[in-house]
Amino acid sequence: MKHGRLHPLVMIALVVAATLFGRILPTWTLSLATVAASNALIALGIVILARTGNVSFGQGLFFAAGGYGVALIANAWGVTDAVAQMVIGAVCGGLLGLVIGPLIARYSGIFFGMLTLALSMVLYGALVKSSALGGSDGFNVGRPSLFGMVFVDPREADFMLYAVSVVTTGLAGIAATILFRSELGLASLAVRENNLRIEYLGISANRVITINFIIAAVFAGASGAFALMAQRHIDPQFAYWTTSGEFVFVAVLAGYQSVAAVFVASLALELVRSFSNLYLPNTWQLVLGVFLLGVILFLPRGIGSLWIREKRKRSKPAAATPAAVRKGVAL
Amino acid sequence: MDRFSRINRSAVFLSVVTATALALVTPASAEDTFKLGIVTFLSGPAADSFGVPARNGGQFVIDQLNKGAVPSPYEKVGFGGMKIEPVIIDENGGATKQVQELRNLYQRDNVDAVLGYIGSGDCLAVAPIAEELKKMLVLMDCGTPRIFEEAKYNYVFRTAAHATMDNVGLIRYMKAKNVKMDTLSAINQDYAWGQDSRADFVAAAGQLYPNVKLQTDLLPKFGAGQYGTEISALVGAGSDVVYSSLWGGDLQAFILQAAPRGLPKRSQLVFSAADHVLPPLGDKMPDGTIIGARGAYGLMSQKSPLNDWFFKGYEAVNGVYPVQAAYRIAQSIFGLKAAVEKAMAKNGGKKPSTDELVAAMTGLEWQSPGGLIQMRLADGHQAIQPIAISRTKYNPDLKRVDLVDIQYFPAECVNPPPGVKSLDWIKGGMQGAKCN
Amino acid sequence: MNSFLTIVLDGLIQASWLFIVALGLTLVFGVLKILNIAHGSFYALGAYIAATAVTFVAAHSLPPSVGFVAMLASVALIASAVGLLLERGLLKMFYGRDEVVLLLVTYAVFLILEDVTKLIWGVNPIYATQPYELFGNVAFAGLYYVGYDLLLMPISAAVGFAVWFGLNRTVTGKIVLAVIHNEEMSVSMGVRVNRVYAVAFAFGVLLAALAGALTAPKISMQPGLSSDVIILSFAIVVIGGLGSVEGAAVGAILVGLARAASVHLVPQAELFMIYLIMAGVLMFRPEGLFKREAARRI
Chain U
988 MKHGRLHPLV MIALVVAATL FGRILPTWTL SLATVAASNA LIALGIVILA RTGNVSFGQG
1048 LFFAAGGYGV ALIANAWGVT DAVAQMVIGA VCGGLLGLVI GPLIARYSGI FFGMLTLALS
1108 MVLYGALVKS SALGGSDGFN VGRPSLFGMV FVDPREADFM LYAVSVVTTG LAGIAATILF
1168 RSELGLASLA VRENNLRIEY LGISANRVIT INFIIAAVFA GASGAFALMA QRHIDPQFAY
1228 WTTSGEFVFV AVLAGYQSVA AVFVASLALE LVRSFSNLYL PNTWQLVLGV FLLGVILFLP
1288 RGIGSLWIRE KRKRSKPAAA TPAAVRKGVA L
Chain X
467 MDRFSRINRS AVFLSVVTAT ALALVTPASA EDTFKLGIVT FLSGPAADSF GVPARNGGQF
527 VIDQLNKGAV PSPYEKVGFG GMKIEPVIID ENGGATKQVQ ELRNLYQRDN VDAVLGYIGS
587 GDCLAVAPIA EELKKMLVLM DCGTPRIFEE AKYNYVFRTA AHATMDNVGL IRYMKAKNVK
647 MDTLSAINQD YAWGQDSRAD FVAAAGQLYP NVKLQTDLLP KFGAGQYGTE ISALVGAGSD
707 VVYSSLWGGD LQAFILQAAP RGLPKRSQLV FSAADHVLPP LGDKMPDGTI IGARGAYGLM
767 SQKSPLNDWF FKGYEAVNGV YPVQAAYRIA QSIFGLKAAV EKAMAKNGGK KPSTDELVAA
827 MTGLEWQSPG GLIQMRLADG HQAIQPIAIS RTKYNPDLKR VDLVDIQYFP AECVNPPPGV
887 KSLDWIKGGM QGAKCN
Chain G
284 MNSFLTIVLD GLIQASWLFI VALGLTLVFG VLKILNIAHG SFYALGAYIA ATAVTFVAAH
344 SLPPSVGFVA MLASVALIAS AVGLLLERGL LKMFYGRDEV VLLLVTYAVF LILEDVTKLI
404 WGVNPIYATQ PYELFGNVAF AGLYYVGYDL LLMPISAAVG FAVWFGLNRT VTGKIVLAVI
464 HNEEMSVSMG VRVNRVYAVA FAFGVLLAAL AGALTAPKIS MQPGLSSDVI ILSFAIVVIG
524 GLGSVEGAAV GAILVGLARA ASVHLVPQAE LFMIYLIMAG VLMFRPEGLF KREAARRI
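Residue numbers (this note's numbering), protein chains in the order written: chain U, 988 to 1318; chain X, 467 to 902; chain G, 284 to 581.
Structure below.
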């Protein structure tokens, strides 16, 4: 068996284990892990898109679209089911991605990033202006339920959200690993290497980018729904450029090699942020900055390289690995 | 084999991260201390105007309370004999982060209550979370009336009046002082505080100055810092009155740039929340500007032993006199203290449970350095308080801006009665206001 | 007519400081291919240093004109030192990595500088208003303008011209241009690219700090100064074309005029006017208005 490839059943077992792990976690880590999982989901979308060589600095656009879509529908029709909200968020993000994707697929590199950023900032400006949606202060939604069950006990409610978000992110991760091994996934890597050559092979680079873009948008929309469920409040900050920037940060911290790393990176970032804010409230940004520099410097291929690089050494000399495989993804 | 060792390694990494996190968790507070989470801006644009003065004010009041050095009626050490142990958190970073940090304060750091929040968006976001966790939350500032007008809370309190008071007070003051206002221009930041303040002021102006004409109506973005264009437009319009709810760095920059271009000479400047820029601006502040301080605070505060102690003590520690944010945190700490002690008087001197604390706080009235605070609105969860409005006058001897022509308005004159939404109240002619 | 004149004048005053900031950003991108998020922090740094210099001069009761000179000199000195130090000490370690990684490195620098300025200067507002009164007031189109604001225009034009002249008419400038156009080729021709990198980055920092210093007298320095500047200058640079000096000038003027026009004519639209222009330009000319089509490998 080639390295870096787990059987999907093993992955499902891992997701189940992670979910059950939530039963023994202290309450405060549950909501933190929920946020981490939801951030991991959107970062996963960025990783998928990044395999085509394009990094979106405007995922906040779809994050906000998912969040606002769910919030408005929840308040208008009383949809409180967590799974339904997640699906609504994903659909909202996906629909917007369907509109924007084909337009944006023509661009590449830094222009791709800048255009996505500009679009998300236009949405931000529009949201701040819409006083019907609470303007810059945003508005609140009620707490989610699951399959008709309402959770009154805070710990149970937190666990429910944790479970739903971990399972969703886990399934998305499994889907991503399958995608990476598919024809589309391999074509994406080829687009990243050289998008003209791939056109000569008869594959439309635009189409590959568009599809990946829509997948990323769907993940971002679902992630927006989770962020909304976790904090029960939404405001235009969802679409602000620093929000998008943070998701890119999680993706880079994780490195492009491992799906599990995305989740770990996201969790580590949340923990560092939270504890530095508690113990060093005056200099938490400094701590965060130094942490990020440290990871980029000492783990150049991301947190994922903590448990993937070493393995390489034992199995095969890394130098002999062709670039495309080096960038291949393992769980 | 490889596969399992890899899974092992990730599992080890995860558990190390989790274990470190768990090791850092602080234990529940003891029976003889009261652990108080305090959330205020320590970085970002609101830090210097509100966040840090609030932290300094809070630190000062808590130190003095723990020493038992506060005058009557707050002589008792700490909260009913329990020492106060503050845990201070930065409010900067947006509502998402605040929701997470609030949960951490309650669930990880086991604080007995959380007190703070300056940003309206943050207040709106954290209130339902505290309600869900059934934990005591005291909002000390934030402008928006929406918190209790759009929802009902049991565990959430706001110990300061919302922004409606600031603008109704200004208009009442202008009417009382016969300020001419046939034409009006406005400049407010393009976010909720600016938009709401503008709406309140324009609505109140429409009531007491029915013929007023709104001319230039500007909404620069928050943190713009450079107002050359806006000032051209305002000077060009030449309205009788220029109203603004700008604050902090934006307000200072606006004044610095507007004064040399003759705006204060052409128009009467009216600022809804400007006391905190007086100490830094000094003689750059044009004389005769009408300002509010979101309460009877700082140089507009009324004389009382409690206020003398606070004003002088704060000034001695921090080298500058206290302004609105320091007063606002002081009044919420005293309110919480009053509630704790009321609850302890009822339960026989034990540390009160959250529910006992909530019962004691609901509808409470207490004295603060800024005057009497009454939890009147939202079924006893939202405070009303008196306000003062005045004009600026630079005092070259003391090298500071003095406030003259001070007029006080009782709480019930400038705040809506229970059960009425603020904007509806203003538009309906401010029925039921008691103003003498 | 009058309102047309005020729009143009207000817009140009805005454009003049925006241009200086954007010029630094575009140079750094052109040479190092880094989109520097910390650029706004250097702007803030310059403003703080200027304020300290001006306050220092005023405290020794020297005339404000000395303060103005001292402010520019101290900023030039400290900013270029900081720039060199950061490039040699930090950025160097990350060359050869993804564009995105470098961008995140500068984001980390932005976070760190945010707290470092706070640790050095505290959170209380700091002023340096003395130079603002130095050049009196001028009546124009029925309004008063501050002489200092008007002076910004020739200063900015001079800076722009100096950079253009330096790049196009001197040997050093030609070398920098060569690195911008094709780094590999320059290396093989014997250009010490490392040195060009260091100088270009330090110069970019210097320009940001200079813009900060020139704005310092009319604002109050406090935390949070940087985040707004960076997004504005991004917009300008993207509109004009990343790495183009002319583009930065045109972008700055466009943004300045658009802002001024929207304040005077449609104040409601001010908030997203700039992003609309940016998105519009990107849609139709994704490389920006002034970017030459780059050759690419097939």
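Glycine residues also receive a C-beta, built at the ideal position from the N, C-alpha and C atoms.
Remember, predicted model here, so these are calculated numbers, not experimental data.
_Contained alpha helix (DSSP H) runs [length at least 4] in the stretch 1077-1163 of chain U, N- to C-terminal order_ = Within the stretch 1077-1163 of chain U, the runs of alpha helix (DSSP H) that reach at least 4 residues and sit entirely inside it are, in chain order, 1096-1116.
_Collapsed DSSP secondary structure at X:Tyr780 in the structure displayed_ = helix
*Close Cβ partners of X:Gln848 (< 6 Å) along its chain, the five nearest in sequence each way excluded*: Phe614, Arg624
_Whole angstroms are fine: how far does the CA of X:Pro752 sit from the CA of X:Leu568?_
X:Leu568 and X:Pro752 have their C-alpha atoms spaced approximately 41 Å apart.
_C-alpha distance - G:Glu570 paired with G:Ile519, whole-angstrom precision_ = Spanning the two alpha carbons is a distance of roughly 13 Å.
*asked:* Using a Cβ distance threshold of 8 Å, determine whether the stretch 1054-1073 of chain U contacts the stretch 1184-1198 of chain U, with at least three qualifying pairs required.
replied: no
*State buried or exposed for G:Asp398, treating a residue as buried only when at least 16 other CB atoms are found within 10 Å of its CB.*
Under a 10 Å Cβ-count criterion, G:Asp398 is classified as buried, with 16 or more other Cβ atoms of the shown protein chains found around its own Cβ.
*Report the option in G:Thr412, G:Asn407, G:Val546 whose CA atom is closest to the CA atom of X:Val518.*
G:Asn407
*Should the stretch 306-326 of chain G be called in touch with the stretch 492-511 of chain G, which here means at least 3 C-beta pairs below 8 Å?*
yes
*Taking contact to mean at least 3 C-beta pairs separated by less than 8 Å, is the stretch 519-529 of chain G in contact with the stretch 360-378 of chain G?*
no
*Taking C-beta pairs closer than 7 Å, name the residues in chain X that G:Lys375 reaches, listed in chain order.*
Ordered by position in chain X, no residue passes the 7 Å Cβ test against G:Lys375, which lies about 29 Å from the chain.
*asked:* Counting only beta-carbon separations shorter than 9 Å, does G:Phe555 have a partner in chain U?
replied: yes
*Taking 9 Å as the cut-off, decide whether the C-beta atoms of U:Ala1204 and U:Ile1075 are in contact.*
Between U:Ala1204 and U:Ile1075, the CB-CB gap reaches or exceeds 9 Å.
*asked:* I'd like the span of the alpha helix (DSSP H) that includes U:Val1178, first residue to last.
replied: 1170-1180
_Here's the rule I'm using: 16 or more other beta-carbon atoms within 10 Å means buried, otherwise exposed. How should U:Met1136 be labelled?_
exposed
*Delimiting residues of the alpha helix (DSSP H) encompassing X:Glu878*: 877-880
*Taking the alpha-carbon positions, what's the X:Leu650 to X:Phe667 distance?*
11 Å
*Report yes or no: is there a C-beta of chain U within less than 9 Å of the C-beta of G:Ala353?*
no
*Which first and last residues belong to the beta strand (DSSP E) in which G:Asp398 is found?*
No beta strand (DSSP E) holds G:Asp398; the alpha helix (DSSP H) holding it covers 382-404.
_Please report whether the beta-carbon of G:Val521 lies at a distance below 9 Å from any beta-carbon of chain U._
yes
_Cβ of X:Val518 within 9 Å of any chain C Cβ_ = Protein chains U, X and G are contained in the structure displayed, whereas chain C is not.
_Does U:Ile1185 come out as helix, strand or coil in the three-state DSSP assignment?_
helix
*How long is the line joining the alpha carbons of U:Glu1297 and U:Ser1043, rounded to whole angstroms?*
Only weak support is given to the placement of U:Glu1297: the predicted model assigns it a pLDDT of 48, under 50, and the question is left unresolved by the model.
*asked:* The beta strand (DSSP E) that contains X:Ser834, what's its start and end?
replied: 831-834
_Taking 9 Å as the threshold (C-beta atoms), are X:Thr610 and X:Glu557 in contact?_
no
*Is there a Cβ from chain U that is less than 9 Å from the Cβ of G:Met436?*
no
*Are there 16 or more other CB atoms within 10 angstroms of the CB of G:Ala535, so buried, or fewer, so exposed?*
buried
*Out of X:Asp662, X:Ala626, X:Asp741, X:Ile697, point me to the one whose CA is closest to X:Val870's CA.*
X:Asp741
*Applying the criterion that 16 or more other CB atoms from any shown protein chain within 10 Å of the CB defines a buried residue, is U:Cys1079 buried or exposed?*
U:Cys1079 comes out buried.
*Note down, in chain order, every chain G residue with its Cβ under 8 Å from the Cβ of X:Gly694.*
Asp293, Ile296, Gln297, Asp432
*Would you tell me roughly how many angstroms separate the C-alpha atoms of G:Leu435 and G:Leu493, rounded to the nearest one?*
11 Å
_Straight-line Cα distance separating U:Leu1133 from U:Phe1099_ = 38 Å
*asked:* Under 9 Å, Cβ to Cβ, is there at least one residue of chain X near G:Trp300?
replied: True, the Cβ-Cβ gap to chain X drops below 9 Å.
*Cβ separation of U:Leu1110 and U:Ala1150, assumed to be a contact under 8 Å, to the nearest whole Å*: The pair is not a contact, with the Cβ atoms about 31 Å apart (cut-off 8 Å).
*Is U:Gln1218 helix, strand or coil when you go by DSSP?*
helix
_X:Trp891 to X:Pro884 span [Cα, whole Å]_ = If you draw a straight line from the Cα of X:Trp891 to the Cα of X:Pro884, it comes to about 10 Å.
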